[in-house]
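Below: the structure, in structure tokens.
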Amino acid sequence: MTIFKGYMKITKQNAAIIILYLVVFFGITLMIQSSVKSTMNDSYTAHSVKLAFVDEDGGEMAKGLMQYLEKYHQVTLTENNKEELQENMFYSNIEYIVKIPAGFEEKCLDGDEKLSVTKIPGSYTSFYVDQQINSFLNNMKTYNAAGYTVGEAVKAVNEAKEPSVTMLASNGNAGEAPVYSYYFQYIPYLLLSILCYVLGNILSVFHKPDIQKRMQASAVSARRQNMEALLAASVFGLVLWGISMAGNLILYGKEFLQSKNVPYYIINSLIMLVVALSLAYMVGMITNNTNALNGIVNILSLGMGFLCGVFVPLELLGKGVKTVAQFLPVYWYVKGNDLLAEYGSITGNVRTEILQAFGIQLVFAAAILCIAMVISKRKRLGT
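Each residue of the sequence shown is one higher than the one before, starting from -10 at the first, in the numbering used here.
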């Protein structure tokens, strides 16, 4: 087991870089977890706007509108001082100004009188307030047409119950991706970074010309040498994969184990491990230079991370980028992971898409391994 022991010895020498990548990986995961929880809590929270209300009409409708807006926003009744209002808006003390002109009530109910409003250009919160004001005015006109007095209409609008919304999620995840899916999304970066760097270093050492000549002259057959090397790489890869799965169980154990998609997540990550091992083997065949190895590893791990949806969600990537990414194995891992995150129960066409993503990854792994073997053969012939 000389080759196997040699692999393990060099692996121990790279323990510091392995720990560094693990710390970075788990650090990113914890930050993402915190960010996702915060986003999930705030996603559907109404935004309260700092609003200035200028009432030059003094009618019941104007007062009713102010009461209506106070249910949602921070409303301040103020005088029509243009300079003061502009200054407050400049310093973001207020975000929206509503001016009720004299005679507004009568003109609005009898015709199409519009309010004078001042808002920050392009602000999404201003559209939110616009919709609320339009809703109030339209409801007032409806009640007025039905014979209600202004006071009765104001009371009816302000006392109307907000509609309750029940989300019906056909995909089984209640419209939200499980938190652990983000953990699995980053696994390709961990596997590619560590395996390509460590195994690349090991292979570059073993494929130096003088080492190759000694191995060819040894009593251990080439077949035995290759089997020991394969065993060492597999053991290291499985240990790394096991650490990543243990981290997942520590962080999301109960929630993850209750998912019906656990087998799919495990299979997807194991296939990604095979892809990473094949890439690591190819990287080790390409160069014996440590500096060049660092550059190649960074290009592979970070490049595929950004192009294939690891660091940036696929839905945010442009069509051209996604077209290019389809020629990279990590894209299909992320696509499978996204489908698992979206659907709590895998059936029919969804299962077909996921299995297709698994199969394409395996095809990539086989192709990369073949390329690496060709490079290895040429190097042997060259020596």
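Idealized CB from N, CA, C, for every residue including glycine.
Range of the contiguous beta strand (DSSP E) that encloses residue 44: Per DSSP, the continuous beta strand (DSSP E) segment holding residue 44 begins and ends at 39 to 44.
Alpha-carbon to alpha-carbon, residue 337 and residue 268: Note on geometry: alpha-carbon atoms of residue 268 and residue 337 lie some 32 angstroms from one another.
Of the residues 348, 259, 273, the one placed nearest residue 196, counting alpha carbons only: It is 273.
C-beta atoms of residue 218 and residue -7 nearer than 9 angstroms: Contact flag set, yes.
Candidates 306, 11, 108, 300, of which the one nearest residue 38 by Cα: Nearest to residue 38 by C-alpha distance, out of 306, 11, 108, 300, is 108.
Status (buried if at least 16 other CB within 10 Å, exposed otherwise) for residue 124: Classification for residue 124: exposed.
Residues bridged to residue 89 [DSSP beta-bridge criterion]: 44, per the DSSP bridge assignment.
Sequence-distant residues of the same chain with beta carbon closer than 6 angstroms to residue 32, five excluded per side: Bear in mind that the predicted position of residue 32 carries a pLDDT of just 47, short of 50, making it too unreliable to give a figure here.
Sub-9 angstroms separation of residue 257 and residue 183 beta-carbons: With contacts defined by Cβ atoms closer than 9 angstroms, residue 257 and residue 183 do not form a contacting pair.
Residue 81 - DSSP class collapsed to helix/strand/coil: Residue state, collapsed to three classes: coil.
Residue closest to residue 307, alpha-carbon to alpha-carbon, out of 296, 270, 44, 13: Looking from the CA of residue 307, the closest CA among 296, 270, 44, 13 belongs to 296.
Beta-carbon proximity of residue 14 to residue 175, cut-off 9 angstroms: In terms of Cβ geometry, residue 14 and residue 175 form a close pair [threshold 9 angstroms].
Touch test, the stretch 129 to 148 against the stretch 53 to 69, Cβ-Cβ under 8 angstroms, three pairs minimum: Yes: at least three Cβ pairs fall under 8 angstroms.
Rounded straight-line distance, which links the Cα of residue 327 to that of residue 304: Pairing residue 304 with residue 327, the inter-Cα distance amounts to about 10 angstroms.
DSSP three-state assignment for residue 31, whether helix, strand or coil: A caution first: residue 31 carries a pLDDT of 48, below 50, which makes its placement in the model unreliable, though a value can still be read off. Helix.
Neighbour-count burial assignment, residue 293, 16 or more Cβ in a 10 Å radius: Buried: at least 16 other Cβ atoms inside 10 Å.
Where residue 107 sits in the DSSP three-state scheme: In this structure, residue 107 counts as strand in the three-state DSSP scheme.
As assigned by DSSP and simplified to three states, the class of residue 299: Looking at residue 299 - three-state DSSP - the assignment turns out to be coil, as it is neither helix nor strand.
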